[in-house]
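J.: One structure coming up, written as structure tokens, with questions to follow.
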Amino acid sequence: MKYLEPSISLANKYNIPPYLKQTLELAKQMAEMVFGKKKEKQEGLGKWFG
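Numbering-wise (the working numbering), the sequence shown opens with residue -9 and increments by one.
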């Protein structure tokens, strides 16, 4: 998961072959199925206005 997003970004930037892009997208989908999507963490206003 750590290097997946940067890999997809580089694949799009350097126009690699479509089958490699598809492989990265499938890896992303599989990782999301196993681990779930990353949720945004909500923070209370108390952190900013102590």
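A virtual CB, placed ideally from N, CA and C, is assigned to each residue, including glycine.
(1) So, helix, strand or coil for residue 5, using DSSP?
(2) To the nearest angstrom, how far is the alpha carbon of residue 25 from that of residue 18?
(3) Reducing DSSP to helix, strand and coil, say where residue 36 ends up.
(4) With DSSP collapsed to three states, give me the class of residue -9.
(5) If you compare alpha carbons, which of 14, 6, 5, 9 is closest to residue -9?
T.: This is what the structure holds:
(1) coil
(2) 10 Å
(3) helix
(4) coil
(5) 14
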